[in-house]
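Participant: Below is the structure I would like to discuss, written out as structure tokens.
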Amino acid sequence: MRRWPAPAAAMRTVTSTLLALGLVVVAAVAGAVLDLVAPPADVAAPSPGVADQAVSGAWYCAVGDTAEGDAMFVAAAAPPSVPAGGAVRIDTFDGGQAQRGEESDLFPGAMTVRGVPGGHEQLGVAVRWWQSPVAVSRLWLRGVAGEPSGPVEGPCTSEPSVTWFLPGVTTVDAAQARIVLANPFETDAAISVELLSPEGVERPQLLKNVTVQARSVQVVDLNRHAPEVADLGAVVRVRAGRVVAEAWQSLDAAVGGIEGVTLVRLAPAPRDAWTIPWFQGAGATSWLWVTNPGERPASVTVTVHTGAGGVPPEGLEEIDVPAGAVRRVDLRGVLPEDVGGGAATVTSVNGVPVVVSGATQIRTPSGERSGHAVQLGEPRADTSWTIPTGPGGGRTEVLHLVNPTAQPATAQVQIVDATATLAPEELQAVGVPPGTAVDIDLSGATEALDQHTIFVTSQGSGVVAGVHTFNRATPLGLVAHPGVPSWTWTGGRPVAPVEFAPGLPQRLGTDLGPATTPSPSPSPVVTTPPTPRSVEEPSPTGEAPQPTATAAPAP
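Take any residue in the sequence shown, count from 1 to its spot, add 8: that is its number in this note's numbering.
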């Protein structure tokens with residue numbers, strides 16, 4: 009793989025928040041977690057207001073390193089729908105130090121790819137953008153001698169959260185599972201981790217207060233705390249500061265017969281519905297992990313989407329998930345015999361939100377053509393998706409479009425890398441009827457491309473878009489992940505209400521409330537309106553063959 013030259017840089021400045029004369033001036037920031045001191049009791053509570061459109065933001069990648077044998081690349085893409093060009097800067101941080109990258113200008117529908125500096129056994133990435141939003145993904149090429157290897161690929165995270173939910177991993181048959189906590193900010197953070205299994209919740213003593221130092225990455229080895237657990241979930245609770253949480257899973261063919269490394273994304277909140285854009289039936293074992301972190305049992309239904317529509321499989325009409333538990337839902341046998349793959353939507357029918365991911369394992373007698381991939385579900389359909397993915401040479405690449413809504417959708421597909429743009433005519437009006445899943449083999453178009461981005465827009469209704477890719481030669485190198493929906497980078501999302509308690513520290517943009525219990529008189533609650541996010545600035549530190557919309561090939 010070639011390393012991309014850095015485009016011309018342009019300097020930008022970021023205005024800092026000013027604190028003066030005991031008055032706290034707060035810029036509305038969606039998802040930001042700021043600990044500020046409230047004004048004296050005679051100062052009125054702040055009034056709700058509407059912020060302007062976001063002009064800056066960030067993405068954070070926790071999983072990935074550049075240790076000996078490993079390499080890491082970060083791709084930033086500006087969706088074609090953004091109104092104007094902007095700029096991005098890819099920074100890295102590790103061991104309390106931050107390193108600034110060079111700025112790159114991006115016009116709508118363009119992308120840039122940067123190699124991450126080598127020699128880091130733990131490494132976090134923060135991608136800053138200005139003027140127009142971008143979507144960011146990482147490609148971690150894991151090749152440490154004697155350990156499971158392969159590509160680890162998927163979107164980064166657009167903001168910190170006060171909670172992170174891991175729907176499922178496994179630690180049986182020498183499978184390794186790690187939660188990676190990244191703190192790109194200037195103050196230390198503290199977190200606790202609860203472990204969930206089919207038997208309920210456990211709170212290991214060693215995970216009740218884990219420190220994540222400023223500008224550092226901390227790894228939680230789940231095998232150490234929960235060995236030989238087939239279905240393992242987790243809840244990461246942020247007690248102080250801010251962190252971004254991701255995870256990864258590896259399987260060793262020498263022990264379990266399957267070789268694979270996969271990104272496992274965590275969700276910032278449970279939801280009522282989740283869509284997994286792809287799972288494989290024939291020749292594979294696929295299942296759903298449904299995790300209920302709440303205090304009441306959840307009742308969920310499963311809908312399987314194929315080209316013929318969406319139906320609830322027999323036996324999966326209604327599934328109970330106990331409070332604080334993980335439930336595995338086997339997808340073997342839910343597809344018609346002549347259908348190799350499909351998509352799935354899990355919906356809570358009793359109002360108890362859950363977190364859902366999908367796993368696919370491909371096993372062969374020798375383990376040479378085996379693979380493992382885990383995908384966090386998407387909570388809703390969207391009309392614009394950005395899907396950065398790896399080089400196309402020697403790999404089969406399949407785009408998945410799922411319509412979980414009751415309205416028909418028509419999708420348009422565009423493919424770009426750092427030097428070329430493709431908009432095949434046959435992919436400018438792809439019909440996606442209600443409840444269906446459409447698979448499009450893009451291998452012909454992407455074969456000549458290096459790391460590239462797929463842009464999907466739809467009309468009539470939103471869709472859920474994702475990809476799965478694999479090598480056409482050994483090893484399989486299976487990768488599967490959803491894309492980046494526009495709601496994660498356009499801003500305008502609601503933030504949790506802020507409890508205004510004079511004289512007490514406030515945790516703005518979170519659901520934590522005041523630092524201590526306020527006086528007996530009730531404190532007024534101020535609801536912050538939907539606002540786009542802004543981001544604090546840390547201290548330094550040729551023509552390709554045309555694709556065809558055909559049945560997706562199996563690995």
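C-beta atoms are modelled at their ideal positions from N, C-alpha and C, and glycine is treated no differently. Here the structure is a predicted model, which means the values were calculated and not measured.
1) Could you have a look at residue 213 and say whether DSSP puts it in helix, strand or coil?
2) For residue 539, count neighbouring Cβ atoms within 10 angstroms of its own Cβ and tell me buried if that reaches 16, exposed if not.
3) Please report the distance separating the alpha-carbon of residue 317 from that of residue 472.
4) With distance defined between alpha-carbon atoms, name the residue in 102, 439, 279 and 163 nearest to residue 254.
5) Is residue 356 helix, strand or coil by DSSP?
6) Rounded to whole angstroms, how far is the Cβ of residue 182 from the Cβ of residue 263, which I believe are closer than 8 Å?
7) Do you know whose CA, among 380, 467, 102 and 224, lies nearest residue 185's CA?
8) Tell me which residues share the same chain as residue 308 and place their Cβ nearer than 7 Å to its Cβ, disregarding the 5 neighbours each side in the sequence.
9) Sorted by chain position, which residues of the same chain lie with C-beta nearer than 6 Å to residue 285's C-beta, five sequence neighbours on each side aside?
10) Please confirm if the region 234-243 is in contact with the region 454-466, defined as three or more CB-CB distances below 8 Å between the two stretches.
11) Quick check on residue 433: does DSSP put it in helix, strand or coil?
12) Going by alpha carbons, who is nearest to residue 461 out of 113, 395, 205 and 563?
13) Residue 110: buried (16+ other C-beta within 10 angstroms of its C-beta) or exposed?
14) So the candidates are 349, 300 and 320; which of them puts its Cα closest to the Cα of residue 336?
15) Assuming residue 365 and residue 249 are in contact, meaning their beta carbons sit under 8 Å apart, how far apart are those beta carbons, in whole angstroms?
16) On the three-state DSSP scale, how would you describe residue 342?
17) Tell me whether residue 166 sits in a helix, a strand or coil according to DSSP, three-state version.
18) So, with DSSP's three-state summary, where would you put residue 453?
19) Quick one, which of 322, 151 and 442 has its alpha-carbon nearest residue 73's?
20) Tell me where the beta strand (DSSP E) around residue 379 begins and ends.
21) Pick from 172, 481 and 234: whose alpha carbon is nearest that of residue 208?
22) To the nearest angstrom, how far is the alpha carbon of residue 202 from that of residue 125?
23) Does DSSP classify residue 97 as helix, strand or coil?
24) Between 431, 426, 440 and 403, which has its C-alpha nearest residue 417's C-alpha?
25) Would you mind stating whether residue 230 and residue 266 have Cβ atoms separated by less than 8 Å?
26) Name the residue from 342, 271 and 198 whose alpha carbon lies nearest to the alpha carbon of residue 70.
27) Assign residue 233 to one of three DSSP states: helix, strand, or coil.
28) Can you tell me which residues form a DSSP beta bridge with residue 187?
29) Which residue or residues does DSSP assign as beta-bridge partners of residue 240?
30) Just list the alpha helix (DSSP H) runs in the region 288-319, keeping only unbroken ones of 4 residues or longer that don't cross its boundaries, in chain order.
31) Could you compute how far the alpha carbon of residue 541 sits from the alpha carbon of residue 64?
32) Provide the residue span of the alpha helix (DSSP H) that contains residue 264, from first to last.
33) For residue 423, tell me which candidate among 451, 412, 180 and 444 has the shortest Cα-Cα distance.
34) Give me whichever residues DSSP pairs with residue 203 in a beta bridge.
35) Write down every uninterrupted run of the beta strand (DSSP E) in the region 389-420 whose length is 3 residues or greater and which is fully enclosed by it, in chain order.
36) Tell me whether residue 291 is buried or exposed, calling it buried when 16 or more other Cβ atoms sit within 10 Å of its Cβ.
Facilitator: Working from what's here:
1) Walking along the sequence shown from the start, residue 213 turns up at place 205. Note: residue 213 maps to helix in three-state DSSP.
2) Position 531 of the sequence shown, counted from the first residue, corresponds to residue 539. Caution is warranted here: a pLDDT of 37 is assigned to residue 539, below 50, making its placement in the model unreliable, and no coordinate value can be reported.
3) Within the sequence shown, residue 317 is the residue found at index 309, counting from 1. Within the sequence shown, residue 472 is the residue found at index 464, counting from 1. Roughly 15 Å separates the two Cα atoms.
4) Along the sequence shown, read from residue 1 onward, the residue named residue 254 stands at position 246. Between residue 254 and the set 102, 439, 279 and 163, the nearest pair of CA atoms involves 163.
5) Taking the sequence shown and counting its residues from 1, the one referred to as residue 356 is at position 348. Strand at residue 356.
6) Within the sequence shown, residue 182 is the residue found at index 174, counting from 1. Within the sequence shown, residue 263 is the residue found at index 255, counting from 1. Confirmed, about 4 Å.
7) Start at 1 with the first residue of the sequence shown, and residue 185 comes out as number 177. Taking only the C-alpha atoms, the option nearest residue 185 is 380.
8) Mapped onto the sequence shown, residue 308 falls at position 300. Excluding sequence neighbours, residue 308 sits near 298, 327, 329, 354, 355, 356, 357 and 362.
9) Start at 1 with the first residue of the sequence shown, and residue 285 comes out as number 277. The residues are 351, 408, 410, 472, 474 and 490.
10) no
11) Reading the sequence shown from its first residue, position 425 is the one you call residue 433. Note: residue 433 maps to helix in three-state DSSP.
12) Within the sequence shown, numbered from 1, the residue matching residue 461 stands at position 453. Looking at the Cα atoms, 395 is the closest of the given residues.
13) As a working note, residue 110 is residue 102 in the sequence shown. Residue 110 sits exposed, since fewer than 16 C-beta atoms from the chains shown fall within 10 Å of its C-beta.
14) Looking up residue 336 in the sequence shown gives position 328. For residue 336, the nearest C-alpha among the options comes from 300.
15) Here residue 365 refers to the residue found at position 357 when the sequence shown is read from its first residue. Here residue 249 refers to the residue found at position 241 when the sequence shown is read from its first residue. Actually they do not touch by this definition, with Cβ atoms about 26 Å apart.
16) In the sequence shown, counting from the first residue as 1, residue 342 sits at position 334. In this structure, residue 342 counts as coil in the three-state DSSP scheme.
17) For the purposes of this step, residue 166 is taken as the residue at position 158 of the sequence shown. Coil, per DSSP.
18) Stepping through the sequence shown from its first residue, residue 453 is reached at position 445. Reduced to three states, the DSSP call for residue 453 is helix.
19) For the purposes of this step, residue 73 is identified with residue 65 of the sequence shown, where counting begins at 1. When only C-alpha atoms are compared, the closest one is 151.
20) Along the sequence shown, one-based indexing puts residue 379 at 371. Residues 379-384.
21) Locating residue 208 in the sequence shown gives position 200, where the first residue counts as 1. Ranking 172, 481 and 234 by Cα distance to residue 208 puts 234 first.
22) One-based indexing of the sequence shown puts residue 202 at position 194. One-based indexing of the sequence shown puts residue 125 at position 117. Going from the Cα of residue 202 to the Cα of residue 125 covers about 34 Å.
23) Residue mapping note: residue 97 aligns to position 89 of the sequence shown, counting from 1. Three-state DSSP puts residue 97 in a strand.
24) Within the sequence shown, numbered from 1, the residue matching residue 417 stands at position 409. Nearest C-alpha to residue 417: 440.
25) For the purposes of this step, residue 230 is taken as residue 222 along the sequence shown, with counting starting at 1. For the purposes of this step, residue 266 is taken as residue 258 along the sequence shown, with counting starting at 1. Cβ atoms of residue 230 and residue 266: not closer than 8 Å.
26) Along the sequence shown, read from residue 1 onward, the residue named residue 70 stands at position 62. Here the closest residue by C-alpha is 271.
27) As a first step, residue 233 is located in the sequence shown; it is residue number 225 there, counting from the start. In the structure shown, residue 233 sits in a helix (DSSP, three-state: H, G or I).
28) In the sequence shown, residue 187 corresponds to position 179, counting from 1. Residue pairing by DSSP places residue 187 opposite 228 and 255 in a beta bridge.
29) As a first step, residue 240 is located in the sequence shown; it is residue number 232 there, counting from the start. 177, per the DSSP bridge assignment.
30) none
31) For the purposes of this step, residue 541 is identified with residue 533 of the sequence shown, where counting begins at 1. For the purposes of this step, residue 64 is identified with residue 56 of the sequence shown, where counting begins at 1. Because the pLDDT at residue 541 is just 37, under 50, the model does not fix this residue reliably, and the point stays unresolved.
32) On the sequence shown, position 256 is the one that residue 264 refers to. Segment 261-264, the alpha helix (DSSP H) holding residue 264.
33) As a position in the sequence shown, residue 423 is number 415, starting the count at 1. The residue with the shortest Cα to Cα distance from residue 423 is 451.
34) In the sequence shown, residue 203 corresponds to position 195, counting from 1. Paired residue(s): 210 and 242.
35) 392-397 and 403-410
36) By one-based count along the sequence shown, residue 291 stands at place 283. Per the 10 Å Cβ criterion, exposed.
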